[in-house]
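Residue numbering for the sequence shown is 1 to 273, as defined by our numbering. Even for Gly, the Cβ is constructed at its ideal location relative to N, Cα and C. In this text, all values refer to a predicted model and were calculated from it rather than measured experimentally. First up is the structure itself, then whatever we jot down about it.
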Amino acid sequence: MTMPLFSTGDDPGANFAELLRRVGLDDGVSSALGHKAHAGTTGDALHDLGVPHATTCVALNYGDGVVMAGDRRATSGNLISHRRMEKVVEADRYSGVAIAGAAGPAMEMIRLFQLQLEHYEKVEGSPLSLEGKANLLSTMVRGNLPAAMMGMIVVPIFAGYDLRRHCGRLWDYDATGGRYEERKYVATGSGSLQASTVVKVGFNEDLSGDEAIDLAARALWEAADADSATGGPDALRGIYPVVATIDADGWNRLEDDDLVERYERIVSEVRSR
């Protein structure tokens with residue numbers, strides 16, 4: 001394929017999705033998503049067909065930024081389909097996305113989101129604002145609405161460090177693309193009730209980054225204890241949640257060795273009770 005050329009009035013600019021449409025590459029993506037969407041007509045039917053679903057993710061603000069965390073389990077009905085799924089993903093240096101819902105469309109959406117952010121920065125010479133990134137993701141979730149109506153719902157969390165306001169910010173979404181900025185914390189997925197309850201009880205405005213990480217880890221622990229679709233830390237296989245911080249220094253994912261120590265403290269505390 002040769003490099004596409006556009007006239008002044010027809011140039012898609014930094015809009016990557018519009019670029020795909022102009023060169024005719026969106027048809028293959030749309031037909032693939034359409035095929036997936038028509039694989040079944042209800043959530044139960046999709047489970048019967050073995051469509052993996054991602055489960056619980058949380059995000060919370062602390063003094064210097066935000067913490068994002070997600071378990072690693074994906075389920076197909078009552079079966080564990082994947083044990084190492086990464087549901088918390090770096091969108092760019094200063095933002096991240098956490099996903100719950102139908103795993104295939106969710107991961108496809110994240111990859112396209114990452115590409116569009118990179119494309120915008122290369123064309124414009126500067127990154128899209130954090131608010132602009134949240135709006136862009138909202139548009140992409142809305143574009144998944146036909147598939148969501150057939151049970152393939154994608155419900156992300158978006159969070160990042162705002163270089164203009166010098167603070168962490170986070171948003172959650174509904175299946176129609178509605179976006180809602182949250183000031184303190186948010187959870188999504190099948191274990192969100194348990195996770196958000198833990199964060200609500202333990203949250204305060206003066207949390208340090210280390211305390212916020214501990215709270216997010218505890219939230220996923222309690223969600224896994226009550227919700228069968230949420231995976232807890234698996235010491236036997238060496239599988240631990242994905243936990244990352246985003247602050248003025250950018251995205252930083254915690255190493256598993258750090259999480260091992262944190263979860264060992266949680267286990268000791270639970271045993272002592």
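Whole-number beta carbon distance between residue j and residue i, since they are thought to touch under 8 Å
i: A175; j: T56; result: A175 to T56, Cβ: 17 Å. No contact.
i: I153; j: G238; result: Actually they do not touch by this definition, with Cβ atoms about 31 Å apart.
i: V243; j: A134; result: Actually they do not touch by this definition, with Cβ atoms about 21 Å apart.
i: A59; j: A98; result: 6 Å
i: D206; j: G65; result: Going by Cβ atoms, the distance from D206 to G65 rounds to 14 Å, so no, they are not a contact pair.
i: T188; j: V141; result: The Cβ separation is near 12 Å, so there is no contact.
i: G280; j: S138; result: Past the edges of the chain, shown from 1 to 273, lies residue 280, and the structure says nothing about it.
i: V67; j: A212; result: 4 Å
i: N61; j: R183; result: 7 Å
Opening and closing residue of the beta strand (DSSP E) in which residue i lies
i: G250; result: 250-253
i: P156; result: 154-162
i: S81; result: 79-82
i: G202; result: Taken as a continuous stretch (DSSP letters only), G202 belongs to no beta strand (DSSP E), being part of the alpha helix (DSSP H) at 192-202.
i: L170; result: 167-173
i: Y180; result: 179-182
i: I246; result: 242-247
i: D64; result: No beta strand (DSSP E) contains D64, which DSSP labels as neither H nor E.
i: T176; result: Per DSSP, T176 belongs to no beta strand (DSSP E) and is neither H nor E.
i: A74; result: 74-76
i: D92; result: 88-92
i: T188; result: 185-188
Close Cβ partners of residue i (< 8 Å) along its chain, the five nearest in sequence each way excluded
i: R218; result: V198, G202, I266
i: Y240; result: R72, P233, D234, D256, L259, V260, Y263
i: A226; result: G191, Q194
i: D10; result: R22
i: E181; result: A134, R169, L170, W171
i: Y166; result: Checking the sequence shown, residue 166 turns out to be His, not Tyr. Only A248 meet the Cβ criterion.
i: K200; result: Y185
i: L254; result: I213, V243, A244, T245
i: L136; result: F113, Q116, L117, L128
Own chain partners of residue i with C-beta closer than 6 Å, once the 5 adjacent residues on each side are dropped
i: A229; result: T55, T75, S190
i: G160; result: Y94, S95, L130, I246
i: E222; result: Q194, V198
i: A148; result: A175
i: S268; result: none
i: V89; result: V97, I110
i: F6; result: none
Extent of the continuous alpha helix (DSSP H) to which residue i belongs
i: M280; result: Outside the modelled stretch of the chain, which goes from 1 to 273, sits residue 280, for which no answer is possible.
i: A219; result: 209-226
i: S272; result: 256-272
i: N135; result: 130-143
Contacting residues, own chain, Cβ-Cβ under 7 Å from residue i (five flanking each side not counted)
i: R93; result: G250, W251
i: G43; result: For G43, the pLDDT reaches just 42, beneath the cut-off of 50, and the residue's location in the model is therefore unreliable, although a value from the coordinates is still provided. These residues qualify, in order along the chain: G151.
i: A103; result: P52, H53, A54, A74, M85
i: M109; result: M140, N144, V154
i: V270; result: none
i: D162; result: L130, R169
i: A216; result: V58, L60, V67, A69, V243
Residue i CB to nearest heavy atom of the ligand NAD below 7 Å
i: S208; result: With respect to small molecules bound, the structure shown includes none, and the ligand NAD cannot be examined in it.
Any 3 or more C-beta pairs closer than 8 Å across the stretch 77-87 and the stretch 157-173: As far as the Cβ criterion goes, the stretch 77-87 does not touch the stretch 157-173, which means the pair count is below three.
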